Amino acid sequence: MSVDAAKVSSSSPSAPAFNLLVQLTFVDEAAAGMFVSSFTPLAKYVAENEPNTLMYQLMKSDKNPLLYNIIERYADKDRDYLGTHKSSEEFQSFRAILGDMQTLSKVTISGESYLDVEI
């Protein structure tokens, strides 16, 4: 599920957009399915309630059915990512499920954050 980036203008030059690229590798298709089922309502919530989330996209590898990526893009790190997104009840519920999956070794998560480069 994706958020339409065109609905929100890009951040000001003094505050580049904040981006996350999160990679998830699941142990089996059942775990991947559980993840997608829990991610879908969160993605819908983000699309409907977080206007400064510029992108929130889940992708599945075309080569490895157990490999997924999430691309997240926020107009402002503090306000939109830390303030709005991470503090939402919907994200907290989703993160608890994902945390349980990590504890049970059903998923390995890695990722990195990035700032837009003005070119």
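Residue numbers for the sequence shown, in this note's numbering: 23 to 141. The C-beta atom is built at its ideal place from N, Cα and C for all residues, glycine as well. Computed from a prediction, not measured in an experiment: that's the story for all the values here.
Quiz prompt | Burial state of Y136, where buried means 16 or more other Cβ atoms lie within 10 Å | solution = exposed
Self-check item: Residue of V129, S115, M77 and A97 minimising C-alpha distance to F48
Solution: V129
Practice problem: Give the straight-line distance between the Cα atoms of L76 and M56, rounded to the nearest whole angstrom. | Solution: 25 Å
Practice problem: Would you decide whether E111 is buried or exposed? Buried here means 16 or more other CB atoms lie within 10 Å of its CB. | Solution: exposed
Quiz item: What is the DSSP secondary structure of K108, counted as helix, strand or coil?
Solution: coil
Quiz prompt | Beta-carbon proximity list for E134, same chain, < 7 Å, skipping 5 on both sides | solution = L43
Quiz prompt | Sequence-distant residues of the same chain with beta carbon closer than 6 Å to M81, five excluded per side | solution = N91
Quiz item: So the beta strand (DSSP E) E134 belongs to, where does it begin and stop?
Solution: V129 to L137
Exercise. Would you list the one or two residues that DSSP bridges to E94?
Key: L42 and Y78
Practice problem: Report the rounded CA-to-CA distance for E72 versus A118, giving the unit in angstroms. | Solution: 20 Å
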